[in-house]
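Heads up, UniProt numbering is the position in the sequence shown plus 448, with the first residue counted as 1. Every residue, glycine too, gets a C-beta built ideally from N, C-alpha and C. For reference, the structure is listed below as structure tokens.
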Amino acid sequence: HAKAAGRNTFAIFGNHMDELLRRRRKLEHDLRLALETRSQIEAFYQPVYSAEHKGLSSMEALARWKHPEEGLIAPDIFIPIAEEIGLIQEVGAIVLEDACGVMADLPSISMAINASALELCSDGYPLRVLSRLAKWNIDPKRLEIEITESLALGGEGHSDRNIAILRNAGVRIAIDDFGTGYSSFSRVQNLMIDRIKIDKSFIDAVQGESRPLIEAMINMARAKGLKTTAEGVETDEQSDALVALGCDSLQGFLISRPLARTAIIDLYNGSGKRIITA
Ligand code: C2E
Ligand code: MG
Ligand code: MG
Ligand code: MG
449 HAKAAGRNTF AIFGNHMDEL LRRRRKLEHD LRLALETRSQ IEAFYQPVYS AEHKGLSSME
509 ALARWKHPEE GLIAPDIFIP IAEEIGLIQE VGAIVLEDAC GVMADLPSIS MAINASALEL
569 CSDGYPLRVL SRLAKWNIDP KRLEIEITES LALGGEGHSD RNIAILRNAG VRIAIDDFGT
629 GYSSFSRVQN LMIDRIKIDK SFIDAVQGES RPLIEAMINM ARAKGLKTTA EGVETDEQSD
689 ALVALGCDSL QGFLISRPLA RTAIIDLYNG SGKRIITA
């Protein structure tokens with residue numbers, strides 16, 4: 449019967465929803481606990497290659513959740529949960545604190561961290577960042593904060609003012625995943641930013657359909673005095689094409705995957721050059 453079938457379908461769908469909700473609530477609960485104890489969240493670091501200096505000059509801190517039962521949980525999963533339960537600030541604080549430690553260990557490198565829209569819009573954000581840097585005695589010029597396009601251009605909350613406070617103190621601002629948001633080149637011109645990070649989706653096709661777009665992005669950035677980083681560079685061919693187009697920095701599995709803290713410090717202290725020429 450149609451009615452019975454409908455009921456069955458509903459029952460199955462209902463069970464599935466229940467299961468998803470249960471799993472979601474468990475992750476929320478576990479994340480609260482992890483953030484309270486500051487035990488399971490840590491940062492990995494992905495090297496950034498500078499075409500100008502022909503070497504590794506900076507890195508990006510990327511949050512990881514080492515769940516005791518489920519293993520490594522990706523930020524694309526747990527960052528939105530942290531935002532929803534109002535704990536993204538805690539994630540950001542853990543990553544920033546760890547990143548400050550790495551900057552203290554490696555005095556010649558600069559560091560990028562990612563800021564959630566909610567963090568950047570919140571009233572106390574610039575002061576929190578600047579006071580951590582001061583506590584570690586780290587020059588704010590060594591820190592770059594990556595924000596997403598939609599946020600940067602939206603002007604929601606205190607984001608414009610917060611960006612101004614941070615930039616006045618010397619912190620640099622980058623637009624992450626550039627090209628995927630609601631941007632137009634003319635709007636980017638008015639932004640107080642220092643760098644665009646061209647999204648991996650463009651880099652994937654740099655030898656084909658994306659090439660003119662990437663060229664236009666790099667030329668626009670140049671004209672506005674902005675630096676460019678290519679995200680998700682995976683092949684030598686992509687790397688060669690991007691350097692030829694004048695891209696300032698390259699990031700991606702070709703150079704290195706994100707590494708644990710001890711591994712990145714070893715890499716920058718010693719064998720970095722081996723990777724670059726490989
Ligand atoms: P994102 O900031 O755009 O970071 C780049 C992502 O691409 C990272 O994923 C990195 O591991 C990955 N990636 C780098 N090179 C390659 C490559 O050559 N190929 C491929 N396939 N992937 C590559 P991850 O670490 O999973 O982070 C995902 C996103 O989560 C980040 O994107 C960022 O938006 C967010 N995120 C990470 N850490 C934090 C954090 O501490 N705070 C906030 N608010 N967001 C974070
Ligand atoms: Mg980023
Ligand atoms: Mg990105
Ligand atoms: Mg991304």
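Under the 8 Å Cβ criterion, the region 542-557 does not count as touching the region 519-532, having fewer than three qualifying pairs. If you ignore the 5 residues before and after alanine 560, its C-beta comes within less than 6 Å of the C-beta of Glu508, Glu592, Glu594, all in its own chain and listed in chain order. Distance from the C-beta of glutamate 679 to the nearest heavy atom of ligand 3 is below 7 Å. Beta-carbon to beta-carbon, aspartate 647 and glutamate 679 are separated by about 6 Å, close enough to satisfy the 8 Å threshold. DSSP places leucine 581 inside the alpha helix (DSSP H), whose first and last residues are 573-583. For the options Lys675, Val550, Phe626, Gly656, the alpha carbon positioned closest to that of arginine 709 is the one of Val550.
Between ligand 1 and the CB of serine 564, the shortest heavy atom gap is smaller than 7 Å.
At least one heavy atom of ligand 3 falls within 7 Å of the beta-carbon of aspartate 625.
Cβ atoms of threonine 683 and leucine 707 stay farther apart than 8 Å, at about 20 Å. Spanning the alpha carbons of glycine 629 and asparagine 463 requires a straight line of approximately 36 Å. Counting along the chain, leucine 614 sits inside no beta strand (DSSP E); it lies in the alpha helix (DSSP H) bounded by residues 607-616.
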